[in-house]
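Peer 1: Note that the sequence shown covers residues 676 to 978 in the numbering used here.
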Amino acid sequence: MASTELATQRALYVGNTISTVVYGGNLFLYAYSTYLLMTSIKQVQRRRFYIGFGGLLLLLLTIALASNNAICELMWIEQQNYPGGPSAYLAANLAAWYNVFGTAADCAANILTDGLMLYRCYIIWGSSVSIIVIPAIIYLGSTAMAVMMVVESAMPMSDIWQGLAARSGISWVALTVSFNIIVTVLIISRLLFFHRRVQSVLTDQQRSTYTGTVAILVESALPFTVLGIAYLATYIQGVPSATAVGIVWGTFVVLTPQLIILRVASGVAWSRDTASNISLTTLHANFPHNSSSSSSSMNCKDP
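1. Return the chain-ordered list of same chain residues with a C-beta closer than 6 Å to the C-beta of I746, the five sequence neighbours on each side being excluded.
2. Using 8 Å as the threshold, is the region 752 to 767 in touch with the region 787 to 798, meaning 3 or more CB pairs across them?
3. Pull up the CB-CB distance for L934 and V893, whole angstroms please, since I reckon it's below 8 Å.
4. From S916 to G925, what distance separates their C-alpha atoms?
5. Check whether the Cβ atoms of A783 and L735 lie closer than 7 Å to each other.
6. Please determine, among G690, N701, I809, I863, the residue with the shortest C-alpha to C-alpha distance to T931.
7. So which of A940, V852, T918, V914 has the shortest CA-CA distance to P898?
8. Would you mind sorting G729 into buried or exposed? The rule is 16 or more other CB atoms within 10 Å of its CB.
9. Which of the three DSSP states, helix, strand or coil, is assigned to V804?
10. Would you mind giving the Cβ-Cβ distance between Y642 and L937, rounded to the nearest angstrom? I have them listed as a contact below 8 Å.
11. Should I922 and S694 be called a contact, given that it needs their Cβ atoms to be closer than 7 Å?
12. Smallest Cα separation from I786: which of I809, S802, R871, L815?
13. Please list, in chain order, all residues of the same chain as F776 whose beta carbon is under 8 Å from its beta carbon, the five residues on each side excluded.
14. Should Q684 go down as buried or exposed, given a rule of 16 or more other Cβ atoms within 10 Å for buried?
The following block contains the structure:
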């Protein structure tokens, strides 16, 4: 077996192993978030939406993971005597319906996650439409390229790593990574702005909740964006490790919104009122005689 073929199969194995672990984390996060949403005594807006949204993402991830495991089981066990070996079987069955179905599920999960990130950016920036115009345009472009890649990968004897399917795939990953970079930078800059603004006003717990390191990492989806950049770099180069990075990136597509939903369920996510409440708190601290009637509470409604 050629070294490249061996490296690709090794990357496939490593990617599936890591994604299975992350899948377990997704299961726990969804179950715990759903429990918090269902038992919360506070009024949680869009409670059913977040439960349904998280469940749909988990279903799509399950389909993608099952697809990867199915092709590996066929390649390494059921069809191990296929002429040319496992690598030849993999190349001949990349356009198999179950493999395309898994790719489509992963793309659908990515589209939903990017949509949620666009909405979260809109909320964190005070419901400003102008701030999300460019990300929205990129989002539409990445959605179109994702659909094109799935269609091309379903063609007989197509290869997601070569030809038109590969070009569509690279365009999709490039656009969605660009989208995530822009949205991440926008969200981080907004949170850092408020962090500096309230540093001497809020308590350590309040700063940690809304503008702390965990809040910035989760709300901005920074780990997902960094992993997307790594996937794009390896995908463009066509190196075998791109397989492992892509599979893990596909699981983080679902992990990222699940973490955001957990913050919503816990009542600590940014909402439409968070920025205004922080501003009122700052105003009350700086000019107490002018803002005695203003509310400085940080107990915001959930988004």
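Every residue, glycine too, gets a C-beta built ideally from N, C-alpha and C.
All values derive from a computational prediction rather than experimental measurement.
Peer 2: Per the coordinate set shown:
1. Correct list, in chain order: N774.
2. no
3. 5 Å
4. 14 Å
5. yes
6. N701
7. V852
8. buried
9. coil
10. It is not possible to answer for residue 642, since the shown part of the chain is limited to 676 through 978.
11. In this structure, I922 sits near S694, with a CB-CB distance shorter than 7 Å.
12. L815
13. I738, S742
14. It is buried - the Cβ of Q684 has at least 16 other Cβ atoms within 10 Å.
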